[in-house]
Structure formats: structure tokens, C-alpha cells
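First residue of the sequence shown: 5, per the numbering used here; consecutive thereafter. Notes to accompany the following structure.
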Amino acid sequence: MSLSSYWLMPPRWSTCPKEDIASILKQAFTETGETVDRATGDDPHPDSTSSEGGVIALAVGPTDADYDFTPTILLLASPIPSDTTPEQALVESAVVLSNQVPGFRMLEDCPWPATPESARLRTGIYIQGRVPITASQWAWVHTKGESSFLLTATATMTTPTFGDLHEDVLAIIMSLEVRNV
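What follows is the structure, encoded as C-alpha cells:
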């Protein structure tokens, strides 16, 4: 099963062209000195959403000039193994988020009251070099036939810009649709 997405971008935000996502993510990890081997699979940033999953979309917001940091929303699909229930996948994804990001401190992990049903919202903070980051992640299960994917939409921005950008991020998330192709 392949997946595609649609979301509305408020002013100051844009969707990255699909063909540019892999190079943008590689550059971001290289510039921050982060290792890309923390992600699951051989390629942490696959550019397709086949049965193996991968990056579906990437949105970028206005750069925080104080930290030279560009806020993003990364939409990722991860296949759920047949021996894992959707509920287990959601629980395990919170653990993965906490373990993949050095110094990540989970502030909340709660049900998301909007669609899709059974979605979770996680919010946390961490420091990347000298940059204070706030991350919000929405996680839910997308099932079609026998295939199930854990979908995560992870927004990252500097903590000082969170107050200015959170309404934009919520508007994007509320407009998000993921479809089978």
C-alpha cells in the first residue's frame, strides 16, 4: 500500500517537494551532528511509502533567526508488524520518540480528541546543541485491508517561537488527510 497526504499551509509555511525531502533531511542531520542511525531501518529517511513505510511529507515554517533553525512538520509512515496490535504500536512509538532524541523530556502523552480516532498527542522538549526545541507529535494508526501503518506527524520548532507558531501547526494538523494510493 502506498500513501499520500494533503494538508493546507498557512502563510509563512510551505510543503517541500517530494524529491527534495531526502536531501533536506540528510543535510539537517549532518549540520546538527546527529547520527542518522537512530532511526529504524537501513535508511532513516526513505522517500517512498511502500510496504516498508517512509516519509510521506515535510512542511517547513519561518526560520527562527535567533537560532538559525527552521521549524518543520515531518509526516512519517511506519509499517506495523503483523504480531503487533495497533494499540501496542502507539504505546511503543512514544518510547521510540523518547529514546531516539537525546535528552528528550516527554511532557505529555494524551489522547487527541480530533480525528482520526484513537490518535495520540505527545509534547516534549530537548536541547539540540544550544537550540531549545519543543516537539509535538500526533500518532495514529492507518489501516487498509491487511496493511497497517503507524502514522506520525512530528512538529519541531524552537521553544521561544512555540507561542507564535502553535496555531499554524494546529491548523496544518487539523487539515491533514492521509490517503491510500
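Don't be surprised by glycine CBs; every beta carbon is placed ideally from N, CA and C.
Is residue i close to chain C? Criterion is C-beta to C-beta, closer than 8 Å.
{"i": "G57", "result": "As a matter of chain content, chain C is missing from the structure shown, which is built from one protein chain."}
Between which two residues does the beta strand (DSSP E) harbouring residue i extend?
{"i": "V173", "result": "Note, V173: premise wrong, no beta strand (DSSP E); alpha helix (DSSP H) at F166 to S179."}
{"i": "V59", "result": "G58 to V64"}
{"i": "L80", "result": "T76 to P83"}
{"i": "Y71", "result": "Looking at the DSSP string, Y71 is not in any beta strand (DSSP E), and its letter there is neither H nor E."}
{"i": "S6", "result": "Unbroken run through S6: none, as it is neither H nor E."}
What does a CB cutoff of less than 8 Å around residue i pick up in its chain, not counting 5 residues either side in sequence?
{"i": "A98", "result": "M110, D113, R124, R126 and A143"}
{"i": "C20", "result": "I28, A61, L62, A63 and V64"}
{"i": "S18", "result": "A63 and V64"}
{"i": "S9", "result": "I60, A61, L79, L180, E181, V182 and R183"}
Hey, how far is the Cα of residue i from the Cα of residue j?
{"i": "G133", "j": "P115", "result": "31 Å"}
{"i": "L94", "j": "T160", "result": "20 Å"}
{"i": "T147", "j": "F153", "result": "6 Å"}
{"i": "P120", "j": "D70", "result": "36 Å"}
{"i": "T67", "j": "S82", "result": "28 Å"}
{"i": "S102", "j": "V185", "result": "31 Å"}
{"i": "G58", "j": "S151", "result": "14 Å"}
{"i": "H170", "j": "P164", "result": "11 Å"}
{"i": "T88", "j": "E96", "result": "10 Å"}
{"i": "M178", "j": "I84", "result": "24 Å"}
{"i": "I25", "j": "Q31", "result": "10 Å"}
{"i": "W11", "j": "A118", "result": "15 Å"}
Excluding the five sequence neighbours on either side, which residues of its own chain have a C-beta within less than 6 Å of the C-beta of residue i, listed in chain order?
{"i": "F73", "result": "V135 and T162"}
{"i": "V105", "result": "Y130"}
{"i": "P14", "result": "D172 and A175"}
{"i": "L7", "result": "T53, I60, A81 and V182"}
{"i": "T44", "result": "Note that T44 has pLDDT 31, beneath the 50 cutoff, so the model's placement of it is unreliable and no number is given."}
Looking at C-alpha atoms only, which residue of the options is the closest neighbour of residue i?
{"i": "L78", "options": "A26, T158 and T138", "result": "T158"}
{"i": "G149", "options": "L80, S86 and A26", "result": "S86"}
{"i": "A180", "options": "T156, D24 and P90", "result": "Per the sequence shown, residue 180 should be read as Leu rather than Ala. The shortest Cα separation from L180 among T156, D24 and P90 belongs to T156."}
{"i": "G128", "options": "P117, S122 and S140", "result": "S140"}
{"i": "P90", "options": "A118, T76, F166 and V145", "result": "V145"}
{"i": "T138", "options": "G167, V100, S122 and A118", "result": "G167"}
{"i": "R16", "options": "S9, I84 and T76", "result": "T76"}
Is there at least one non-hydrogen atom of the ligand ZN closer than 7 Å to the beta-carbon of residue i?
{"i": "P106", "result": "Here there are no bound small molecules, and the ligand ZN is not part of this structure."}
Output needed for residue i: all residues of its chain with C-beta closer than 7 Å, excluding positions within five of it in sequence on either side, in chain order.
{"i": "G107", "result": "Y130 and I131"}
Legend entry - Secondary structure, beta strand (DSSP E): runs of 3+ residues fully inside the segment 92–152: Counting whole runs of 3 or more residues, the segment 92–152 contains the beta strand (DSSP E) stretches 109–115, 124–132 and 135–148.
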